[in-house]
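Numbering (this note's numbering), first residue to last: 4 to 179.
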């Protein structure tokens with residue numbers, strides 16, 4: 004993995020990326036000038052799950068390569084802010100539990116599943132999900148049932164196995 008820093012134009016904050024050799028982002032942070040931070044592992048009210056959609060060209064002059072330790076230190080600071088929520092999530096979703104949620108987003112690591120609890124995000128293998136699911140159901144908001152198999156301590160995600168898309172969309176109360 005490589006780690007990049009990008010200082011945007013004034014008011015756009017400082018962007019940090021963890022990318023693979025092809026430039027695909029796996030983790031991302033945006034530190035704004037007001038001290039707030041958006042991380043790719045958590046849903047943001049306005050930006051949803053923020054992660055670069057296209058491979059980054061590391062040859063662009065605005066990217067500065069940084070060391071992994073610098074990235075991990077900043078990432079760890081943000082994880083600490085959500086530690087209480089993470090502990091609560093793990094207690095609500097013990098290994099072996101059958102859960103229900105809905106597709107939120109598709110990341111390089113897998114399919115993110117909203118577990119319908121504050122800050123609770125699950126992840127499952129996208130290719131396994133696709134192999135058992137009609138293509139027209141592989142979209143955000145489609146309901147999923149799965150089994151908790153463990154925890155991703157780097158992203159604070161609940162690991163899900165035996166996931167199935169059940170063919171109906173999640174509708175929030177009051178929305179059509």
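All C-beta atoms in this analysis are idealised placements derived from N, C-alpha and C, irrespective of residue type, glycine included.
State the DSSP-derived secondary structure class of residue i, mapped to helix, strand or coil.
i	result
residue 178	The pLDDT assigned to residue 178 is 42, lower than 50, so where the model puts this residue is not dependable, and the model offers no usable value.
residue 74	helix
residue 112	coil
residue 36	coil
In terms of DSSP beta bridges, what is residue i paired with?
i	result
residue 146	105
Roughly how many angstroms separate the alpha carbons of residue i and residue j, rounded to a whole number?
i	j	result
residue 144	residue 19	28 Å
residue 98	residue 151	5 Å
residue 173	residue 157	28 Å
residue 60	residue 26	6 Å
residue 48	residue 35	15 Å
residue 62	residue 68	10 Å
residue 137	residue 14	43 Å
residue 118	residue 104	4 Å
residue 163	residue 93	13 Å
Below 8 Å on the Cβ atoms is my guess for residue i versus residue j; work out the distance and round it to an integer in Å.
i	j	result
residue 89	residue 126	At roughly 14 Å, the Cβ-Cβ gap does not stay under 8 Å, so residue 89 and residue 126 are not in contact.
residue 124	residue 115	6 Å
Assign residue i to one of two classes, buried (16 or more other C-beta atoms within 10 Å of its C-beta) or exposed (fewer than that).
i	result
residue 100	exposed
residue 66	buried
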